[in-house]
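Participant: Got a structure here, written out as structure tokens. Questions coming.
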Amino acid sequence: MIKSRLDKKRRYFNTGVTRQANFRKQVLLALKEAIRRYEKPLVEALAADLNKSAYESYMTEIGLVIQEINRHLKFLDKWMKPVRRRVGINAFPGKAYTLAEPYGLVLILSPWNYPVNLTLMPLVGALAAGNCVALKPSEFSPHTTAVLQKMLQESFSDQLISVFVGGVSLSERLLEERYDYIFFTGSSPVGKKVMSAAANHLTPVTLELGGKSPCIITADADLSLAAKHIAFGKILNAGQTCVAPDYVLADSNILDRFVHALARALNDQLPEGLHTKGYPRIINQHHFDRLLGLMADGKVLVGGQVDAQSHRIAPTIISQLSADDTIMQEEIFGPLLPILPVQSEDEALDFISQREKPLAAYIFSQNKNKQEQLLRRLSYGGACVNDTISHITCQGLPFGGVGYSGMGAYHGAYSFWTFSHEKSIYKKASVFDLPLKYGPYPHSYRMLKWILH
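Numbering-wise, this note's numbering comes out as the position in the sequence shown, counting from 1, plus 112.
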């Protein structure tokens with residue numbers, strides 16, 4: 113069944129219809145119209161799966177996808193045009209250029225934490241680049257997956273987009289097949305399995321993973337500003353965000369003041385704690401129990417309240433930790449925030465550099481020299497200075513990781529190029545021909561060296 117659906121897609125791609133600019137634009141417009149038509153069901157599904165408010169659902173999911181579609185529609189003609197490249201003396205006379213072409217059949221595996229955004233954003237890039245798509249949304253956000261399946265099946269033929277719904281066994285079965293490109297968003301351990309499966313067919317991959325994204329707070333930082341933005345990053349989707357602040361390294365001289373500022377910011381943004389209307393829940397019992405286990409490390413300074421029935425956990429500040437504690441070893445993916453003191457920026461740099469490269473890094477400092485030093489010396493996917501999360505919403509920036517936090521990037525033009533193969537083309541001019549490349553050799557060795565020097 114899977115193979116026959118994929119084969120149908122390959123045959124459709126080979127007709128060449130998806131390569132046409134007008135076809136791609138029509139598909140993007142149809143996707144935009146489908147999202148508009150299904151906006152209410154999507155919002156309701158996100159509330160059912162994660163207790164997201166309509167506002168947060170539109171701000172972080174639906175609205176961003178519509179923005180992405182609009183950007184692709186605006187620039188698609190430009191991105192599809194041939195790009196002139198230098199020829200140089202070696203191939204003179206002639207003309208060189210590159211041309212973007214679709215890979216063909218693309219597999220997209222998406223997660224549960226932003227099930228609309230992280231399913232449809234890569235889909236936009238894949239369709240804009242002219243591919244056919246096999247799509248596997250997460251089984252852990254079943255309400256949203258059901259709406260996405262209905263929306264896409266109603267709006268597109270199966271030969272262009274196939275939605276596959278199921279659990280881990282289905283993902284494993286899908287990965288046994290051959291694709292021209294695989295795009296995966298999820299955890300690093302599963303990313304390894306995806307990459308291993310892709311290697312069987314030498315299939316290129318983009319892996320959007322996670323990691324422990326640090327916040328560095330220097331002694332000169334604006335603590336109210338830092339607290340406000342870190343609180344936002346932890347409250348958003350109850351911390352179930354791949355670029356959420358994972359832990360804080362704060363200068364020991366300002367640590368206590370920062371904790372007080374953060375407590376105030378959490379209260380301002382979540383006045384009724386975990387019972388605040390629209391505060392998201394933890395996705396399922398497994399992750400709820402995992403987070404409760406992590407809370408056993410260290411000392412809870414702020415928060416710590418839980419509601420087992422609704423799977424909600426209040427934003428929780430935890431201190432008195434060591435680097436060996438479990439909470440400092442794995443990505444938290446929840447509303448828990450460890451805070452560790454450091455004596456200097458160098459100590460913070462050493463701490464982060466001894467660990468896997470994070471997906472994001474957040475630097476809070478009013479000193480531009482310190483900002484620049486930290487930005488340049490750290491390795492990360494993307495960073496914010498005096499803010500969190502916002503870098504992934506910048507339309508001109510690529511979003512992706514490095515090392516264990518991922519490979520490849522997308523968003524905007526980077527999505528188009530991620531799902532496109534850039535062909536190199538040379539056209540020989542017929543005006544005249546350089547004789548030096550033709551045998552029998554040798555010609556003038558001195559002349560050759562002068563040309564290629």
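Here a beta-carbon is modelled for each residue, glycine too, at the ideal position from N, C-alpha and C.
Looking at phenylalanine 445 and alanine 356, is the spacing between their C-beta atoms short of 9 angstroms?
Facilitator: Looking up residue 356 in the sequence shown gives position 244. Looking up residue 445 in the sequence shown gives position 333. Closer than 9 angstroms, so yes.
Participant: With distances taken Cα to Cα, identify the nearest neighbour of asparagine 481 among Thr330, Asp419 and Pro234.
Facilitator: Within the sequence shown, numbered from 1, the residue matching residue 481 stands at position 369. Ranking the options by Cα distance to asparagine 481, first place goes to Thr330.
Participant: Ordered along the chain, which non-local residues of its own chain (more than five positions away) have a Cβ less than 7 angstroms from that of glycine 385?
Facilitator: For this step, residue 385 is matched to residue 273 along the sequence shown. Within the same chain, glycine 385 has close Cβ partners Gln417 and Ala426.
Participant: Using the Cα positions of lysine 121 and leucine 286, report the straight-line distance between them to the nearest angstrom.
Facilitator: Position 9 of the sequence shown, counting from 1, holds the residue named residue 121. Position 174 of the sequence shown, counting from 1, holds the residue named residue 286. Computed Cα separation, rounded: 14 angstroms.
Participant: Comparing alpha-carbon positions, which option in Ile366, Glu289 and Glu320 lies nearest glycine 303?
Facilitator: Start at 1 with the first residue of the sequence shown, and residue 303 comes out as number 191. Closest option to glycine 303, Cα to Cα, is Glu320.
Participant: Would you mind sorting tyrosine 516 into buried or exposed? The rule is 16 or more other CB atoms within 10 Å of its CB.
Facilitator: Position 404 of the sequence shown, counting from 1, holds the residue named residue 516. Flag for tyrosine 516 reads buried.
Participant: How is the alpha helix (DSSP H) around serine 269 delimited, first residue to last?
Facilitator: Residue numbering aside, residue 269 sits at position 157 when the sequence shown is read from its first letter. Looking at the DSSP string, serine 269 is not in any alpha helix (DSSP H), and its letter there is neither H nor E.
Participant: Rounded C-beta distance between phenylalanine 370 and leucine 335? I'm assuming under 8 angstroms.
Facilitator: Reading the sequence shown from its first residue, position 258 is the one you call residue 370. Reading the sequence shown from its first residue, position 223 is the one you call residue 335. The pair is a contact, with the Cβ atoms about 5 angstroms apart (cut-off 8 angstroms).
Participant: Three-state secondary structure (DSSP) at threonine 297?
Facilitator: In the sequence shown, the residue the question calls residue 297 occupies position 185. Correct three-state label for threonine 297: strand.
Participant: Does DSSP classify aspartate 436 as helix, strand or coil?
Facilitator: Position 324 of the sequence shown, counted from the start, is the residue given in the question as residue 436. It is coil, neither helix nor strand.
Participant: Tell me, please, whether the segment 281-299 touches the segment 407-421 by the rule of three or more beta-carbon pairs shorter than 8 angstroms.
Facilitator: no
Participant: Looking only at its own chain, which residues have a Cβ that is under 8 angstroms from the Cβ of leucine 163, when we skip the five neighbours before and after it?
Facilitator: To locate residue 163, count along the sequence shown from 1; it is residue 51. According to the sequence provided, residue 163 is asparagine. The question's leucine does not apply to it. Here the set comprises Gly390, Tyr391, Pro392, Arg393, Ser422 and Arg424.
Participant: In three-state terms, what does DSSP make of isoleucine 501?
Facilitator: Along the sequence shown, one-based indexing puts residue 501 at 389. DSSP, read as helix, strand or coil, puts isoleucine 501 in coil.
Participant: Apart from the five residues just before and just after glycine 242, which ones in its own chain have a Cβ nearer than 7 angstroms to its Cβ?
Facilitator: Here the question's residue 242 lines up with position 130 in the sequence shown. Result list for glycine 242: Thr130, Arg131, Arg136 and Pro214, in chain order.
Participant: Alpha carbon to alpha carbon, how far is histidine 184 from alanine 240?
Facilitator: Position 72 of the sequence shown, counted from the start, is the residue given in the question as residue 184. Position 128 of the sequence shown, counted from the start, is the residue given in the question as residue 240. Their backbone Cα atoms lie some 7 angstroms apart in a straight line.
Participant: Drop a sphere of 10 angstroms on the beta-carbon of lysine 469, count the other beta-carbons inside from all chains shown, and report buried for 16 or more, exposed for fewer.
Facilitator: Mapped onto the sequence shown, residue 469 falls at position 357. Buried, since its Cβ has 16 or more Cβ neighbours within 10 Å.
Participant: Within 10 Å of its beta-carbon, does asparagine 202 have 16 or more other beta-carbons around it, so buried, or fewer, so exposed?
Facilitator: Position 90 of the sequence shown holds residue 202. Classification for asparagine 202: exposed.
Participant: Can you name the residues that DSSP bridges to isoleucine 429?
Facilitator: Here residue 429 is taken as the residue at index 317 of the sequence shown, counted from 1. Per DSSP, Val414 and Leu449.
Participant: Based on DSSP bridge pairs, tell me the residues matched to alanine 133.
Facilitator: Translated into the one-based positions of the sequence shown, residue 133 becomes position 21. In DSSP, alanine 133 forms no bridge with anything.
Participant: At which residues does the alpha helix (DSSP H) containing arginine 196 begin and terminate?
Facilitator: Here residue 196 corresponds to residue number 84 of the sequence shown, with the count starting at 1. Counting along the chain, arginine 196 falls outside any alpha helix (DSSP H), though it belongs to the beta strand (DSSP E) covering 195-197.
Participant: When you compare only the Cα positions, how much space is there between alanine 292 and asparagine 379?
Facilitator: If you number the sequence shown from 1, residue 292 lands on position 180. If you number the sequence shown from 1, residue 379 lands on position 267. Strictly speaking, residue 292 in this sequence is aspartate, with alanine absent from that position. Approximately 49 angstroms between the Cα atoms of the pair.
Participant: Please report the distance separating the alpha-carbon of histidine 255 from that of arginine 148.
Facilitator: Walking along the sequence shown from the start, residue 255 turns up at place 143. Walking along the sequence shown from the start, residue 148 turns up at place 36. In this structure, the straight-line span from the alpha carbon of histidine 255 to that of arginine 148 is close to 18 angstroms.
Participant: Suppose you measure from the CA of threonine 438 to the CA of isoleucine 395; what does that come to, to the nearest Å?
Facilitator: Locating residue 438 in the sequence shown gives position 326, where the first residue counts as 1. Locating residue 395 in the sequence shown gives position 283, where the first residue counts as 1. The alpha-carbon separation between threonine 438 and isoleucine 395 amounts to approximately 21 angstroms.
Participant: Can you list, in chain order, the residues of its chain whose CB lies under 6 angstroms from that of leucine 221, leaving out five sequence neighbours each side?
Facilitator: On the sequence shown, residue 221 is found 109 positions in, with the first residue counted as 1. Here the set comprises Lys248 and Phe296.
Participant: What are the start and end residues of the alpha helix (DSSP H) that includes proline 153?
Facilitator: Taking the sequence shown and counting its residues from 1, one reaches residue 153 at position 41. Where proline 153 is concerned, the enclosing alpha helix (DSSP H) stretches over 151-162.
Participant: Apart from the five residues just before and just after asparagine 479, which ones in its own chain have a Cβ nearer than 6 angstroms to its Cβ?
Facilitator: On the sequence shown, residue 479 is found 367 positions in, with the first residue counted as 1. The residues are Asp332.
Participant: What does DSSP give as the partner residue(s) for isoleucine 329 in the beta ladder?
Facilitator: Within the sequence shown, numbered from 1, the residue matching residue 329 stands at position 217. Beta-bridge pairing links isoleucine 329 to Ala362 and Phe476.
Participant: Straight-line CA distance for glutamate 459 to leucine 486?
Facilitator: Taking the first residue of the sequence shown as position 1, residue 459 is located at position 347. Taking the first residue of the sequence shown as position 1, residue 486 is located at position 374. Answer to the nearest angstrom: the Cα atoms are 11 angstroms apart.
Participant: Can you give the Cα-Cα distance for isoleucine 501 and glycine 351, rounded to whole angstroms?
Facilitator: Taking the first residue of the sequence shown as position 1, residue 501 is located at position 389. Taking the first residue of the sequence shown as position 1, residue 351 is located at position 239. The alpha-carbon separation between isoleucine 501 and glycine 351 amounts to approximately 11 angstroms.
Participant: Does histidine 533 come out as helix, strand or coil in the three-state DSSP assignment?
Facilitator: Sequence index remark: in the sequence shown, residue 533 carries index 421 (1-based). The answer is strand: DSSP assigns histidine 533 an E or B state.
Participant: Keeping to the same chain, check which residues put their C-beta closer than 7 angstroms to that of glutamine 483; ignore five residues upstream and five downstream.
Facilitator: Position 371 of the sequence shown, counted from the first residue, corresponds to residue 483. Ile475, Ser477 and Val497.
Participant: Can you tell me where the alpha helix (DSSP H) holding alanine 343 begins and where it ends?
Facilitator: Taking the sequence shown and counting its residues from 1, one reaches residue 343 at position 231. For alanine 343, the enclosing alpha helix (DSSP H) stretches over residues 335-347.
Participant: Please identify the residue among Tyr522, Lys190 and Leu264 whose C-alpha is closest to the C-alpha of leucine 154.
Facilitator: Translated into positions along the sequence shown, residue 154 becomes position 42. For leucine 154, the nearest C-alpha among the options comes from Leu264.
Participant: Just how far apart, CA to CA, sit lysine 144 and glutamate 180?
Facilitator: Here residue 144 corresponds to residue number 32 of the sequence shown, with the count starting at 1. Here residue 180 corresponds to residue number 68 of the sequence shown, with the count starting at 1. Straight across, the Cα-Cα distance linking lysine 144 with glutamate 180 is about 10 angstroms.
Participant: With a threshold of 7 angstroms on Cβ separation, who are the neighbours of glutamate 151 within its own chain once the five nearest residues in sequence on each side are excluded?
Facilitator: Position 39 of the sequence shown, counted from the start, is the residue given in the question as residue 151. Contacts found: Ile174.
Participant: Which residue marks the beginning of the beta strand (DSSP E) containing leucine 386, and which one marks its end?
Facilitator: Position 274 of the sequence shown holds residue 386. Neither: leucine 386 is in no beta strand (DSSP E) and is coded neither H nor E.
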